[in-house]
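A.B. asks: Taking this note's numbering, the leading residue of the sequence shown gets 3, the next gets one more, and so forth.
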Amino acid sequence: MQLNDKVYTYLKWITLVLIPAATTLYVALSAIWGFPYASEVAKTSAAACAFLGAILGISTASYYKDEEIDEDQYWDDEDEQA
3 MQLNDKVYTY
13 LKWITLVLIP
23 AATTLYVALS
33 AIWGFPYASE
43 VAKTSAAACA
53 FLGAILGIST
63 ASYYKDEEID
73 EDQYWDDEDE
83 QA
């Protein structure tokens, strides 16, 4: 399964930024204001992030396979640029 660039970018942002930030906000505010189910929200968020991360990983692997790009070479080149 290979996602198009726009979908991949949105899912990556949701997985790496939105869900963890929203979860942190809710859990912090639940401690202050007594919102219910903080633990359940945190666990659900972790499960959602793990699932989306797996989907993104499969898509990335498919991209490298389809494009015949040597993934190891890509990462080596990126490390040298940093």
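Idealized CB from N, CA, C, for every residue including glycine.
1) If you measure between the beta carbons of residue 54 and residue 17, is that distance less than 7 Å?
2) What number of angstroms, rounded off, separates the C-alpha of residue 47 from the C-alpha of residue 22?
3) Got a sec? Which residues, its chain only, sit under 8 Å from residue 14 by beta carbon, not counting five neighbours each side?
C.D. replies: The short version:
1) yes
2) 7 Å
3) 58
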